[in-house]
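Asks:
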Amino acid sequence: MAMDMHKTPKGLNTGLPTHASKPLEVLFAKVGRGQRKGGVEQGPEHLWHGGVEADLRNANLLSDAGITVSDHEIGLLPALAMLADEVERSLSRDRRVLTLGGDHSIALSTIEGVLRTYPEARILYVDAHGDINTPETSPSGNLHGMPLAAHLGLFSQRDVPGIGFVGARLRPNQLAFIGVRDLDQSEVLAIDDRSIPYYSADDVREFGMRAVVRKALSDIDPEGRHPIHISFDVDSVDPEVAPATGVPVPGGLTIADLDELADFVSKTRRLVALDLAEVNPALAASQADVDRTIQVVANFAAACLA
Ligand SMILES: [Mn+2]
Numbered sequence: 152m153a154m155d156m157h158k159t160p161k162g163l164n165t166g167l168p169t170h171a172s173k174p175l176e177v178l179f180a181k182v183g184r185g186q187r188k189g190g191v192e193q194g195p196e197h198l199w200h201g202g203v204e205a206d207l208r209n210a211n212l213l214s215d216a217g218i219t220v221s222d223h224e225i226g227l228l229p230a231l232a233m234l235a236d237e238v239e240r241s242l243s244r245d246r247r248v249l250t251l252g253g254d255h256s257i258a259l260s261t262i263e264g265v266l267r268t269y270p271e272a273r274i275l276y277v278d279a280h281g282d283i284n285t286p287e288t289s290p291s292g293n294l295h296g297m298p299l300a301a302h303l304g305l306f307s308q309r310d311v312p313g314i315g316f317v318g319a320r321l322r323p324n325q326l327a328f329i330g331v332r333d334l335d336q337s338e339v340l341a342i343d344d345r346s347i348p349y350y351s352a353d354d355v356r357e358f359g360m361r362a363v364v365r366k367a368l369s370d371i372d373p374e375g376r377h378p379i380h381i382s383f384d385v386d387s388v389d390p391e392v393a394p395a396t397g398v399p400v401p402g403g404l405t406i407a408d409l410d411e412l413a414d415f416v417s418k419t420r421r422l423v424a425l426d427l428a429e430v431n432p433a434l435a436a437s438q439a440d441v442d443r444t445i446q447v448v449a450n451f452a453a454a455c456l457a
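Structure, rendered in structure tokens:
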């Protein structure tokens, strides 16, 4: 889109590739069996009609967008394998990908699709949790708590039949956490052993989101050259602000934090993929709670992709 060209200040033109001008592909990932609470598979429809479509349209991001609705009723792992192929296909057609979840097991697919296309991509994992358990260490046994362990090669097809589509392509220095505040002991070890940078919600309160995201990106990409994938779990946000989710943890990110995160990443013009995970419209106390959760997520998505 030529329109975006003149928006880039001349002094900032580094000659590095700009991903922000690529058309958008929206994937509906109706995936709910990576955990046990019903409703999260309805997330894509609710997100789309509850605000994401309108916000993307207002930001002029939908004019050339492709929309792929996949009904993943074929079992969790085959569905996730298909989703990885869909992400890869979109990215390799030079699109940016927005994936509407679904529980966070979708990160098995989205990160896989991103790394197949961009092996050096950097992942900002925005989540209250670490999602780095293995079938052996997981207290719940739920797959939505394991995607990063699979990408780091900490378990494989031998442990979870059907997970062979994950190529274990992620190196620890391609990943940073933002918003974490509920890690299992085994997850703390997994993260510390690999020196993966992580910034808790307390860090964000202390230093500010702008400083945190700048530091996180400079930790994993000091020269600022690689494509970025944000895998966003709505439970990173404070449950007072975004209550409609499966595993809420108090003390989370604020709307102002999300604005700063989105603004910073958008200005890099290197965002290639964004996941919106764990919005569960069945788990809120009221429709108003669902509505404001979705509005927070929709605003964040449009601002990231702007
Ligand atoms: Mn998660």
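Letter 279 of the sequence shown, counting from 1, is numbered 430 in our numbering, and no numbers are missing.
We treat Cβ as the ideally placed atom computed from N, Cα and C, and that holds for glycine.
Bear in mind the structure is a predicted one, so any value in this text is a computation, not a measurement.
To the nearest angstrom, report how far apart Arg345 and Asp245 are at their CA atoms.
Replies: Position 194 of the sequence shown, counting from 1, holds the residue named residue 345. Position 94 of the sequence shown, counting from 1, holds the residue named residue 245. Cα to Cα, Arg345 sits roughly 32 angstroms from Asp245.
Asks: Quick check: the Cα distance between Pro399 and Asp408, rounded to an integer number of angstroms?
Replies: Start at 1 with the first residue of the sequence shown, and residue 399 comes out as number 248. Start at 1 with the first residue of the sequence shown, and residue 408 comes out as number 257. Whole-angstrom Cα-Cα distance: 18 angstroms.
Asks: Going by beta carbon distance, what residues of the same chain come within less than 8 angstroms of Gly318, once the five residues before and after it are set aside?
Replies: Residue numbering aside, residue 318 sits at position 167 when the sequence shown is read from its first letter. Excluding residues within five positions, the ones whose Cβ falls inside 8 angstroms are Glu263, Leu266 and Arg267.
Asks: Can you tell me whether Gln325 is buried or exposed? The criterion is at least 16 other CB atoms within 10 Å of its CB, across all chains shown.
Replies: What you label residue 325 is simply residue 174 of the sequence shown in a count that begins at 1. Under this definition Gln325 is a buried residue.
Asks: Got a sec: does ligand 1 put a non-hydrogen atom nearer than 7 angstroms to the Cβ of Glu429?
Replies: By one-based count along the sequence shown, residue 429 stands at place 278. True, at least one ligand heavy atom lies under 7 angstroms from that Cβ.
Asks: With C-beta atoms as the reference, is Asp379 less than 8 angstroms away from Val392?
Replies: Locating residue 379 in the sequence shown gives position 228, counting from the first residue. Locating residue 392 in the sequence shown gives position 241, counting from the first residue. Per the sequence presented here, residue 379 reads as Ile, with Asp not at that position. No, the Cβ-Cβ distance between Ile379 and Val392 is not below 8 angstroms.
Asks: Using a 10 Å radius around the Cβ and a threshold of 16 neighbouring Cβ atoms, would you call Asn211 buried or exposed?
Replies: Residue 211 sits at position 60 when you count from the first residue of the sequence shown. By the 10 Å Cβ count, Asn211 comes out exposed.
Asks: Can Asp282 be considered in contact with ligand 1, in the sense that its beta carbon sits closer than 7 angstroms to one or more heavy atoms?
Replies: Residue numbering aside, residue 282 sits at position 131 when the sequence shown is read from its first letter. Asp282: yes, Cβ under 7 angstroms from ligand 1.
Asks: Would you decide whether Ile342 is buried or exposed? Buried here means 16 or more other CB atoms lie within 10 Å of its CB.
Replies: As a first step, residue 342 must be located in the sequence shown, where it is residue number 191. By the 10 Å Cβ count, Ile342 comes out buried.
Asks: Helix, strand or coil: how does DSSP classify Asp155 here?
Replies: Walking along the sequence shown from the start, residue 155 turns up at place 4. Its pLDDT being 42, under 50, Asp155 is placed unreliably by the model, and nothing is read from it.
Asks: Under 8 angstroms between the Cβ atoms of Gly304 and Asp426?
Replies: In the sequence shown, residue 304 corresponds to position 153, counting from 1. In the sequence shown, residue 426 corresponds to position 275, counting from 1. Cβ atoms of Gly304 and Asp426: not closer than 8 angstroms.
Asks: Can you give me the start and stop residues for the alpha helix (DSSP H) that Glu338 sits inside?
Replies: Stepping through the sequence shown from its first residue, residue 338 is reached at position 187. Looking at the DSSP string, the run of the alpha helix (DSSP H) that includes Glu338 is Gln336 to Asp344.
Asks: Excluding the 5 residues flanking Arg332 on each side, which residues of the same chain have their C-beta closer than 8 angstroms to its C-beta?
Replies: Within the sequence shown, numbered from 1, the residue matching residue 332 stands at position 181. Same-chain partners within the cutoff: Ala279, Ser351, Ala352, Asp353, Val400, Gly402 and Gly403.
Asks: Please report the straight-line C-alpha distance between Ala153 and Ala449, rounded to a whole angstrom.
Replies: Taking the sequence shown and counting its residues from 1, the one referred to as residue 153 is at position 2. Taking the sequence shown and counting its residues from 1, the one referred to as residue 449 is at position 298. Bear in mind that the predicted position of Ala153 carries a pLDDT of just 38, short of 50, making it unreliable; the figure below should be weighed with that in mind. If you take the alpha carbons of Ala153 and Ala449, they lie about 25 angstroms apart.
Asks: At a threshold of 7 angstroms, does His377 count as lining ligand 1 (C-beta to nearest heavy atom)?
Replies: As a working mapping, residue 377 is identified with position 226 in the sequence shown. Outside the cutoff, so no.
Asks: What is the DSSP secondary structure of Gly330, counted as helix, strand or coil?
Replies: Locating residue 330 in the sequence shown gives position 179, where the first residue counts as 1. In this structure, Gly330 counts as strand in the three-state DSSP scheme.
Asks: Look at Gln438 and Gly202 and say whether their C-beta atoms are less than 8 angstroms apart.
Replies: If you number the sequence shown from 1, residue 438 lands on position 287. If you number the sequence shown from 1, residue 202 lands on position 51. No, they are not a contact pair.
Asks: Suppose only complete runs of 4+ residues qualify. What are the alpha helix (DSSP H) ranges in the segment 338-421, listed by chain order?
Replies: Counting only runs of 4 or more, we get 352-358, 360-371 and 406-419.
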